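A.B. asks: Provided herewith is a single structure, encoded as structure tokens, for subsequent inquiry.
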Amino acid sequence: MQVFSNIVELRNSIKLLKSQGKTIELVPTMGALHKGHLSLIEKASQNSDIVVVSIFVNPTQFGVGEDFEKYPKNLDGDLAKLSATDAKLIFVPNVEDIYGNSEEQVIEFKLNKYTDILCGKNRDGHFEGVCQIVTKLFNIIEPDIAAFGEKDFQQLFIIKQLVKELNFNVKVVGGEIIRDEFGLALSSRNQYLSDSELDIARKLNVILEESLKNFKLGVGSWKLEAEEQILKAGFDKIDYIEIRNENSLELEDNFTESSRIFAAAYIRNTRLIDNLKI
Ligand code: AMP
2 MQVFSNIVEL RNSIKLLKSQ GKTIELVPTM GALHKGHLSL IEKASQNSDI VVVSIFVNPT
62 QFGVGEDFEK YPKNLDGDLA KLSATDAKLI FVPNVEDIYG NSEEQVIEFK LNKYTDILCG
122 KNRDGHFEGV CQIVTKLFNI IEPDIAAFGE KDFQQLFIIK QLVKELNFNV KVVGGEIIRD
182 EFGLALSSRN QYLSDSELDI ARKLNVILEE SLKNFKLGVG SWKLEAEEQI LKAGFDKIDY
242 IEIRNENSLE LEDNFTESSR IFAAAYIRNT RLIDNLKI
């Protein structure tokens, strides 16, 4: 395993590997690695010769007042976890390597309707920042494949659009959501939660599953009931709870095979997201 912070050195290594006919798969992360990240890496190592993992807490995808400053960082722990995987190249740039002296977005990424719904509605500029960093990573690494988790389903969807619109020669693949034994979707942000808050967080997936079942049964008040239950479970605020078609992200009027439920809710300042289908 080799760790790079320098873009030119990483590119030279990748160029050499490509000249040997190796296929390259990128798994972009913000670090504080958990089993969700590791499952993407494991799958990537089955599909591609060389797995590149990037660790970069991207400032441009955080809004004002969000947790950029306190986002969990544990590079030594991450590298220890990665050394037990088949990941070969680890890219750990600092902000200046990626953005120089300015994080100003010279190119604005607007992916029409998809960036303004769900997580984009109240996180102004979030997906624009995601598209900016993913574009940079794709241009630096030029992977054959890039893997993203369904935990961030909208992100995966938007990146597929980005690749299509900008003709990136990258195949985007999704990885299933990895959950703890109570069904809580693993997230680096779960580290912010106390034990009693974890108990609250673990109720979200249960409520989502029940709500999607209610929707399937035609219960008109499914959303009101879901909101009530989320607040009763101990969440402090709901950002959204919606059922959309997973292939178009359009709101669903009736249950279909493609119906997926999406939610974001807060425990204190910690914003948790989840999505699932039945
Ligand atoms: P992050 O470090 O949170 O930006 O996540 C890096 C990648 O790991 C993204 O593609 C996420 O969707 C994915 N990921 C995060 N949590 C999980 C999880 N619980 N299961 C599967 N993939 C995940």
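For the sequence shown, this note's numbering begins at 2 and goes up steadily by one. Each residue gets a CB set at the ideal place from its N, CA and C atoms; glycine is no exception. Predicted model, so just to flag it, every value in this text is computed and none were measured.
Does DSSP put S20 in a helix, in a strand, or in coil?
C.D. replies: Three-state result, S20: helix.
A.B. asks: I need the straight-line Cα distance from I91 to S55, nearest angstrom please.
C.D. replies: One C-alpha to the other measures close to 6 Å.
A.B. asks: List the residues that DSSP assigns as beta-bridge partners of V55.
C.D. replies: A small fix is needed here, since residue 55 is Ser in this sequence, not Val. BP columns for S55 point to P29, F92.
A.B. asks: Thinking just about the alpha-carbon of each residue, which of V93, G184, R124, H127 is nearest to the one in I141?
C.D. replies: Minimum Cα distance to I141 is reached at V93.
A.B. asks: Leaving out the 5 sequence neighbours to the left and right, which residues in its chain are closer than 8 Å to R180 when beta-carbon positions are compared?
C.D. replies: Around R180: A186, L187, N206.
A.B. asks: How should D125 be labelled, buried or exposed, when 16 other C-beta atoms within 10 angstroms of its C-beta is the threshold for buried?
C.D. replies: Its Cβ having fewer than 16 others within 10 Å, D125 is exposed.
A.B. asks: Taking contact to mean 3 or more Cβ pairs, one atom from each stretch, closer than 8 Å, check whether the segment 169-178 and the segment 260-269 are in contact.
C.D. replies: Contact fails: fewer than three Cβ-Cβ distances are below 8 Å.
A.B. asks: Rounded to whole angstroms, what is the Cα-Cα separation between L225 and A147?
C.D. replies: When rounded, the distance between both Cα atoms is 38 Å.
A.B. asks: Going residue by residue through the segment 63-88, where are the continuous beta strand (DSSP E) segments of at least 3 residues, counting only ones entirely within it?
C.D. replies: None, since the segment 63-88 contains no complete beta strand (DSSP E) of that length.
A.B. asks: Taking 8 Å as the CB-CB cut-off, is S222 touching chain C?
C.D. replies: Structure shown: chain C not included; a single protein chain is present.
A.B. asks: Is DSSP giving D98 helix, strand or coil here?
C.D. replies: D98: helix per DSSP, three-state reduction.
A.B. asks: Since L27 and P144 are thought to touch, with beta carbons under 8 Å apart, how far apart are those beta carbons, to the nearest angstrom?
C.D. replies: About 4 Å; that satisfies the 8 Å criterion.
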